[in-house]
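Just below is one structure, and these are the notes that go with it.
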Amino acid sequence: WGNLVGYCTLDLPKLKDDDPLEYIRRVKSTMDKKKLSYNPKIQHIFIRLVMRLFGVKAAAEVTRRTFTQLTIGASNVVGPAEEVILFGHPVNYIAPTVRGFPLALVIHYHSYGKKLVISLSVNEEVIPDPHELCDYIQKALESAKESVVKSGL
19 WGNLVGYCTL
29 DLPKLKDDDP
39 LEYIRRVKST
49 MDKKKLSYNP
59 KIQHIFIRLV
69 MRLFGVKAAA
79 EVTRRTFTQL
89 TIGASNVVGP
99 AEEVILFGHP
109 VNYIAPTVRG
119 FPLALVIHYH
129 SYGKKLVISL
139 SVNEEVIPDP
149 HELCDYIQKA
159 LESAKESVVK
169 SGL
């Protein structure tokens with residue numbers, strides 16, 4: 019049992035249009051192609067081979083080196099559709115995150131019930147005002163929502 023983790027690298031295109039939905043469509047199309055490619059399978063086989071031949075530390079080092087070449091990490095996790103009660107207390111939200119990643123920014127998107135929780139892990143030496151970044155993310159999501167409403171989707 020356990021979590022299965024895959025990763026792919028993605029160059030984010032610059033937003034050239036006024037339509038944020040076109041940007042979302044372009045990125046989604048690219049991600050769909052990457053998920054269906056052989057790249058995730060080859061990475062999985064390679065890491066397992068390194069682990070078998072050289073051990074867990076070597077596999078961890080290969081993975082660490084991969085992540086040190088990235089700028090941003092993003093994670094999306096589908097949570098439970100219904101709200102959870104833990105020891106008789108309702109859980110208001112779930113916010114997954116990681117520590118110790120060699121990235122300037124890690125963004126987690128997590129759905130829970132009818133909520134979307136976004137949590138950021140920020141290196142403040144690289145991003146001195148993470149609250150401003152949160153404001154930009156909020157504005158981008160509101161802009162995308164307005165575009166969806168205007169287009170009638």
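The sequence shown begins at 19 in our numbering and counts up one residue at a time.
Glycine included, C-beta positions come from ideal geometry on N, C-alpha and C.
Report yes if the C-beta distance between residue i and residue j is below 8 Å; otherwise report no.
i, j, result
"Thr86", "Pro120", "yes"
"Leu138", "Pro148", "yes"
"Ser165", "Leu54", "no"
"Thr27", "Leu88", "yes"
"Thr113", "Val135", "In the sequence as displayed, the identity of residue 113 is Ala instead of Thr. Result yes, Cβ atoms of Ala113 and Val135 sit closer than 8 Å."
"Gly97", "Ser129", "yes"
"Tyr111", "Lys133", "yes"
"Ala77", "Ile60", "no"
Using only CA atoms, which one of the options lies nearest to residue i?
i, options, result
"Asp36", "Leu171, Ala162 and Val167", "Ala162"
"Tyr56", "Tyr25, Ser169 and Val140", "Tyr25"
"Ile90", "Lys32, Val140, Cys152 and Gly170", "Val140"
"Val116", "Ser93, Lys132 and Ser129", "Ser93"
"Ser47", "Arg83, Lys59, Lys168 and Asp29", "Asp29"
Assign residue i to one of three DSSP states: helix, strand, or coil.
i, result
"Trp19", "Confidence in Trp19 is poor, its pLDDT being 43 and thus under 50, which makes the residue's placement unreliable; the coordinate value appears in the next sentence. In the structure shown, Trp19 sits in coil (DSSP, three-state: anything other than H, G, I, E or B)."
Say whether the segment 102-118 touches the segment 58-77, bearing in mind that this needs 3 or more beta-carbon pairs closer than 8 Å, one atom from each stretch. No, the segment 102-118 is not in contact with the segment 58-77.
Taking 8 Å as the cut-off, does the segment 117-132 touch the segment 157-169 (at least 3 CB pairs, one atom from each stretch)? For the pair of segments examined, the segment 157-169 was found not to touch the segment 117-132: the number of CB pairs separated by less than 8 Å stays below three.
Only counting runs of 3 or more residues, tell me where the beta strand (DSSP E) segments fall wholly within the segment 94-164, in order along the chain. Entirely contained in the segment 94-164, the beta strand (DSSP E) runs reaching 3 residues are, in chain order, 123-130 and 133-140.
For a minimum of 4 consecutive residues, which ranges assigned as the alpha helix (DSSP H) are wholly contained in the segment 30-74? Counting only runs of 4 or more, we get 38-54 and 57-72.
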